[in-house]
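Report on one structure; see the data block that follows.
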Amino acid sequence: MVEIAQYSETVMDHFMNPRNVGEIENPDGVGEVGNPVCGDMMTFYIKVGDDGRLSDVKFKTFGCGAAIAVSSMVSEMAIGKTLDEAMQITREGVAEQLGGLPANKMHCSNLGADALHKAIQDYLSRQTAKEG
């Protein structure tokens, strides 16, 4: 069992007051990942502006407090970034922005970055399909 004391104030804030929760109607891209071991599931929805930047990022997460905090932080880190910049978001970067995560919760930061990257890849494949 992970003790609350192992979580930073930033993690607790993003868990208790998650940002950007929900779905985007008619999203430009959707990415879903899950971890069969712990049962965490994350779905990210993105909107891409005319300037090629992420204008909106929302998520739905079924999981532990760390998973919710990670999803919230990833969404905040991604909004306003170009697709290339958002693809550079790493699990280490997410954990750092959160003020650290316990070692047994680092996989959550991996899931968050992966879900965002999958949403971007979905967007790019939709663009390719439109052009083709």
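In this note's numbering, each residue's number is its place in the sequence shown (first place is 1) plus 128. Where a beta carbon is used, it is the ideal one built from N, C-alpha and C, also for glycine.
Residue i vs residue j beta-carbon contact at 8 Å
i	j	result
Arg-219	Met-234	yes
Met-201	Leu-182	no
Tyr-173	Ala-247	yes
Ile-217	Lys-186	no
Leu-252	Ala-206	no
Leu-229	Val-139	yes
Cβ-based burial, residue i [other Cβ within 10 Å; buried from 16]
i	result
Pro-164	exposed
Phe-143	buried
Asn-154	exposed
Met-231	Checking the displayed sequence, the identity of residue 231 turns out to be Ala instead of Met. Label assigned to Ala-231: exposed.
Ala-87	Any property of residue 87 remains undetermined from this structure, which presents the chain solely from 129 to 260.
Gly-191	buried
Ala-241	buried
Residues near residue i by beta carbon distance below 8 Å, same chain, minus five either side
i	result
Gly-162	Asp-168, Met-169, Met-170 and Leu-239
Asp-295	Residue 295 lies beyond the stretch modelled for the chain, which goes from 129 to 260, so this question has no answer here.
Gly-180	Thr-210 and Leu-211
Own chain, CB closer than 7 Å to residue i, minus 5 neighbours either side, in chain order
i	result
Gly-221	none
Ala-214	Leu-182, Ala-206, Leu-244 and Ile-248
Nonlocal neighbours in the same chain, by C-beta distance under 6 Å from residue i, ignoring five residues either side
i	result
Cys-166	none
Met-195	Looking at the sequence provided, one finds Ala at residue 195 rather than Met. Once the five neighbours on either side are set aside, the close Cβ partners of Ala-195 are Asp-168, Thr-189 and Cys-236.
Glu-204	Arg-147
Gly-193	Phe-143
(request) Taking only runs that begin and end inside the stretch 169 to 213, name each unbroken beta strand (DSSP E) of 3 or more residues, in chain order. (result) Runs found: 169 to 176 and 182 to 190.
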